[in-house]
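Residue numbers (our numbering): 28 to 715.
Structure (C-alpha cells):
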C-alpha cells in the first residue's frame with residue numbers, strides 16, 4: 028500500500044523541540060522534502076503500480092526481454108501525430124507509422140525521475156542544514172528549561188540569571204547570526220527558482236507552462252482538446268528492437284509500449300508545478316517582509332510585541348532601543364521558544380539593567396561575530412529486475428544462460444561502436460563476429476559494489492588517522508566553553524586553558540604537521556581514486572563527465588552516447604558446449620544489462636564529485652601552505668572567525684606562538700563561544 032511507502036519518511040515529520048526558523052522555511056525543508064522523497068519512493072515501487080513498462084509485438088521476442096530492452100534504451104513518440112484524431116488517423120496520441128526523416132521525441136527521462144526527485148529533496152534540505160550548522164544550538168543553550176511553564180523556583184532563577192548575563196556580554200554581537208538566517212532564506216528562494224528551471228530542462232522545456240496548459244485543457248472542448256500531460260508523459264510509446272536475422276541482415280521489430288508509471292509521473296509533476304509556484308510566491312513575500320524588518324525599526328517592535336503579548340510595552344521598548352537587528356532576531360526566537368511568563372520576567376530584568384547602566388555606548392562600532400556552529404543501488408534489483416537477461420535461438424535454458432554470461436562476462440565489438448544502429452548493427456558495440464575483431468570484455472559490473480565499498484573505506488582513512496593522533500585534545504580544552512551561557516566556573520576553565528597553552532608552548536608543531544599530512548593524504552587519495560577508476564573502466568573515466576555533457580548538446584540523430592560505451596546496456600556472449608558428435612559448439616547470445624542504467628548514473632555523479640573534491644583539496648593545501656609561511660595571514664584567519672576579539676591582542680598572542688600553537692588556537696576559535704574565546708585571547712595576551 029501507499030502508506031507503507033510513505034512510512035519510511037515519517038522521521039521528517041517529527042516536530043523540533045526548539046523553533047529556530049519560521050513556517051515558510053519549514054515548508055521548504057519539511058513539507059517539500061517529504062513530498063519529494065515520498066514521490067521518489069513511489070516511482071521506484073512496483074508493489075503498488077506494477078511493472079513500469081509493458082510492450083507488445085507480433086514476433087517471437089520474449090516479452091520480459093522486450094520490456095527490459097525498451098525500458099533501458101528509451102521509447103519514443105512522433106510529435107506530428109499528437110494532434111491527429113485518435114481512433115481514426117492514429118491508434119494513440121504520438122503513435123503513427125514512422126517515415127524516414129520524421130522527427131522523433133525520445134522519452135528517456137523516466138529512468139532518472141526517482142534520482143532527480145531525490146536530489147531535489149537534498150537541495151531543498153541544504154539551506155536548513157547550513158542554518159542548523161551556523162546556528163549551532165544557540166537558542167537551545169539560551170532557553171535551558173525556561174520553555175516549561177511549571178519550573179522550580181531555583182531552576183527558573185538560575186536560567187533567567189544566566190540568560191541575562193549572556194545578553195550583558197553579547198549585546199550587539201548577533202548581526203551575523205541574523206545575516207546567516209537571511210542568507211538561508213534567500214537560498215530557499217534561489218533554490219526553488221533554479222529547481223523549476225532544472226525540471227523544465229529535464230522535461231524538454233514543457234514544465235514552465237505545464238500547470239497553465241493543464242488548466243486550459245480542462246476548459247477545452249472534449250472532442251478537440253489534446254491532453255498536455257500525455258504529450259509530456261505519454262502512456263503509449265513506440266520502441267524498435269533490432270537483431271540479426273537468419274541471413275545476417277539487421278531486422279527491425281516494431282513494438283508498442285504502455286508506460287503505466289506515467290500516470291503517476293504526470294500527477295507528481297502537476298502537483299510540483301503548483302507547489303513550486305506557491306513556494307516561490309510565498310518565499311518572495313517573506314523576503315520582502317524581511318527587508319521591511321531590516322530597514323524599519325518600528326515594525327520590529329510591532330512584530331515582537333505581537334509575539335510577546337504579556338510583556339510590558341515600556342520594558343520591551345527599553346530593550347529594543349539598545350538592540351541591533353541581530354539582537355532583535357535572538358529575542359524574537361526566544362519569545363517563540365520560552366514560556367510567556369518567563370520571557371516577560373526576563374524582559375523586565377533586562378530593561379531594569381539597561382536603565383541602571385545608561386553609560387552603554389549607543390554608537391559603539393558593531394563587531395561582526397562569526398558563528399561556526401561548526402552502495403545500495405548496485406546491489407538492489409527490486410526496481411531494475413535481474414542484472415542480466417540473455418536471449419539465444421538455441422535450446423539453452425534462459426536461467427542457465429543468464430548465470431553463465433553474468434559470471435563469465437560479456438563483450439562488445441570495438442569496431443561496431445560508431446556504426447549506424449538499425450542499418451549496419453542492431454545496437455552499438457554488437458556486430459557479427461569476425462576472425463580479426465577486437466573484443467572489449469565487460470567484467471567490471473561484478474565488482475562495482477565491492478569497489479565502491481573499498482573506495483569509501485579509503486576516503487575515511489585520513490579522518491581515522493587524524494582522530495587517532497588528535498586524541499580528543501580539543502574536546503578536553505573546550506569543555507564547557509562552547510556554549511554562550513556564562514557559568515560560574517567560566518573564568519576558572521579559561522585559566523586552565525591558558526595554563527595548558529603556556530606549559531606546552533612551542534610543543535604543538537607536530538600537531539599541525541600531522542593535520543597538514545592528513546590534508547595532503549586527502550588530496551592524494553582522491554587523485555589515486557580517479558586513476559584507479561579510470562583503470563577499472565578501461566581508461567574511460569578521465570573524460571567521462573565532459574563526454575556526457577557534450578553528448579547532451581549533440582543532435583539526437585547523429586550523437587553517440589559515451590555512457591553506452593562505458594556501461595553498455597546490450598552486449599554479446601558466447602556459450603560453449605560439446606555437441607552430439609563431441610565437437611565444441613558455439614552458441615551466440617545477446618544480453619541486456621539493466622544494472623548498467625544505474626552504474627552509468629553513479630559514475631557520472633562520481634566524476635563531477637571527485638573533480639570538485641580534488642579542486643577543493645588543492646585549494647586547502649595551498650591555504651595551509653600560506654598559513655604556514657605568513658604569520659599575518661594566521662592573524663587574519665583567526666580574527667575572521669571571531670571578530671569580537673581585539674585584533675591587537677590576537678596579533679600579540681600569535682606573533683609569539685609557533686605554528687602548532689596557532690593551529691590549536693585556531694581550532695579553539697572554531698569551537699569556543701566567541702565571548703569565551705575573546706576572554707581567552709585577552710588572558711593569553713596579558714600573561715607573561
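Every residue, glycine too, gets a C-beta built ideally from N, C-alpha and C.
Report the residue from the options whose alpha carbon sits nearest the alpha carbon of residue i.
i           : options               : result
residue 191 : 521, 449 and 371      : 371
residue 504 : 526, 484, 511 and 346 : 526
residue 673 : 145, 562 and 712      : 712
residue 480 : 102, 660, 556 and 374 : 556
residue 632 : 143, 85 and 308       : 143
residue 108 : 545, 330 and 265      : 265
residue 629 : 604, 118 and 594      : 594
residue 622 : 598, 602 and 637      : 598
residue 267 : 125, 591, 667 and 239 : 125
residue 436 : 447, 468, 448 and 455 : 468
residue 510 : 663, 695, 226 and 67  : 695
residue 85  : 617, 281, 566 and 53  : 281
residue 641 : 657, 554 and 707      : 554
residue 292 : 278, 261 and 309      : 261
residue 63  : 45, 226 and 123       : 226
residue 378 : 627, 330, 447 and 345 : 345
residue 230 : 521, 296 and 699      : 296
Please state the DSSP three-state secondary structure of residue i.
i           : result
residue 102 : strand
residue 709 : helix
residue 342 : helix
residue 644 : helix
residue 714 : coil
residue 281 : strand
residue 616 : strand
residue 700 : coil
residue 83  : strand
residue 313 : helix
residue 361 : helix
residue 423 : coil
residue 243 : helix
residue 568 : coil
residue 52  : helix
residue 599 : strand
residue 669 : coil
residue 291 : helix
residue 663 : helix
Does the beta-carbon of residue i have 16 or more other beta-carbons within 10 angstroms, so that it is buried, or is it exposed?
i           : result
residue 160 : exposed
residue 589 : buried
residue 660 : exposed
residue 83  : exposed
residue 256 : buried
residue 518 : exposed
residue 181 : exposed
residue 222 : buried
residue 429 : buried
residue 384 : exposed
residue 120 : buried
residue 71  : buried
residue 570 : exposed
How would you write the range of the alpha helix (DSSP H) that residue i sits in, first residue to last?
i           : result
residue 211 : 202-229
residue 532 : From DSSP, residue 532 is part of no alpha helix (DSSP H); its letter is neither H nor E.
residue 157 : 140-162
residue 117 : Here residue 117 belongs to no alpha helix (DSSP H), and DSSP marks it neither H nor E.
residue 328 : 324-334
residue 44  : Where residue 44 is concerned, there is no enclosing alpha helix (DSSP H), given that its DSSP letter is neither H nor E.
residue 590 : 589-593
Output yes if chain B places a C-beta closer than 8 Å to the C-beta of residue i; else output no.
i           : result
residue 226 : This model lacks chain B altogether; it includes just one protein chain.
Locate the beta strand (DSSP E) running through residue i, then write down its first and last residues.
i           : result
residue 439 : 437-440
residue 469 : 466-469
residue 416 : 416-418
residue 457 : Looking at the DSSP string, residue 457 is not in any beta strand (DSSP E), and its letter there is neither H nor E.
residue 270 : 263-271
residue 134 : 132-134
Are the region 484-498 and the region 549-561 touching, with three or more C-beta to C-beta distances below 8 Å?
Contact holds: three or more Cβ-Cβ distances are below 8 Å.
I want to know whether the region 286-300 touches the region 128-139 - three or more CB-CB distances under 8 Å.
Touching, yes, given that three or more Cβ pairs across the two stretches are closer than 8 Å.
Say whether the region 353-363 touches the region 188-208, bearing in mind that this needs 3 or more beta-carbon pairs closer than 8 Å, one atom from each stretch.
Cβ pair count under 8 Å is three or more, so yes.
Check whether the region 361-376 and the region 331-348 touch, using three or more Cβ-Cβ pairs below 8 Å as the test.
Result yes; three or more Cβ-Cβ pairs closer than 8 Å.
Check whether the region 640-650 touches the region 676-692, counting contact only when three or more Cβ pairs, one atom from each stretch, lie closer than 8 Å.
By the C-beta criterion, the region 640-650 is judged not to be in contact with the region 676-692, since fewer than 3 inter-stretch pairs fall below 8 Å.
Under 8 Å, with one C-beta from each stretch per pair, do the region 149-158 and the region 205-214 reach the 3-pair mark?
The region 149-158 vs the region 205-214: in contact.
Just checking, does the region 294-314 make contact with the region 48-61 on the three C-beta pairs under 8 Å criterion?
Of all C-beta pairs linking the region 294-314 to the region 48-61, three or more are shorter than 8 Å, placing the two stretches in contact.
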